[in-house]
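Read the structure below first, then the notes.
In my numbering, the protein residues as written are 797 to 955.
Shown next as structure tokens:
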């Protein structure tokens, strides 16, 4: 498919009308699909960490709090209405069994931060496929608003 946009780690892309957004390697990271169904405007952001504590905030898309806020701001600049924007999320796995390291279970912390920040921004979370111990690939069709989660050893899941 030629209109597939690939979102890297700590990255965001947006498209309107047609197109498939895809992000790979969602381990402890989380992919957040944001969608305004009236405009058929969709964005996918791939966050790595729960909170931006970086001085100067060089890459807001790396963090749940600033990534969600910045993506919504860019969607609103294209005419999206916060009251119509919905979210679907995938990722947040515990990729390493030792959750007692210096960061603890970063996947779980990412899940909690994404949920809190979506709520804070007034965005309804419709569906999620989070946690567990498997990495995921997330595909997001901006026309339909449907997400597809693929992971090794599991059936595809439509969210």
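Even for Gly, the Cβ is constructed at its ideal location relative to N, Cα and C.
Neighbour-count burial assignment, residue i, 16 or more Cβ in a 10 Å radius
{"i": "residue 909", "result": "buried"}
{"i": "residue 924", "result": "buried"}
{"i": "residue 804", "result": "exposed"}
{"i": "residue 867", "result": "buried"}
{"i": "residue 875", "result": "exposed"}
Per DSSP, cross-strand counterpart(s) of residue i
{"i": "residue 971", "result": "In the structure displayed, the chain extends from 797 to 955; residue 971 sits before or after that span and is not available."}
{"i": "residue 944", "result": "935 and 954"}
{"i": "residue 889", "result": "None; residue 889 has no bridge partner."}
Backbone secondary structure at residue i - three-state DSSP
{"i": "residue 817", "result": "strand"}
{"i": "residue 860", "result": "helix"}
{"i": "residue 951", "result": "coil"}
{"i": "residue 811", "result": "strand"}
{"i": "residue 930", "result": "coil"}
{"i": "residue 916", "result": "helix"}
Cα-Cα separation between residue i and residue j, rounded to whole angstroms
{"i": "residue 851", "j": "residue 861", "result": "14 Å"}
{"i": "residue 819", "j": "residue 934", "result": "5 Å"}
{"i": "residue 883", "j": "residue 932", "result": "17 Å"}
{"i": "residue 858", "j": "residue 808", "result": "9 Å"}
{"i": "residue 878", "j": "residue 869", "result": "9 Å"}
{"i": "residue 815", "j": "residue 928", "result": "29 Å"}
{"i": "residue 872", "j": "residue 930", "result": "33 Å"}
{"i": "residue 912", "j": "residue 844", "result": "16 Å"}
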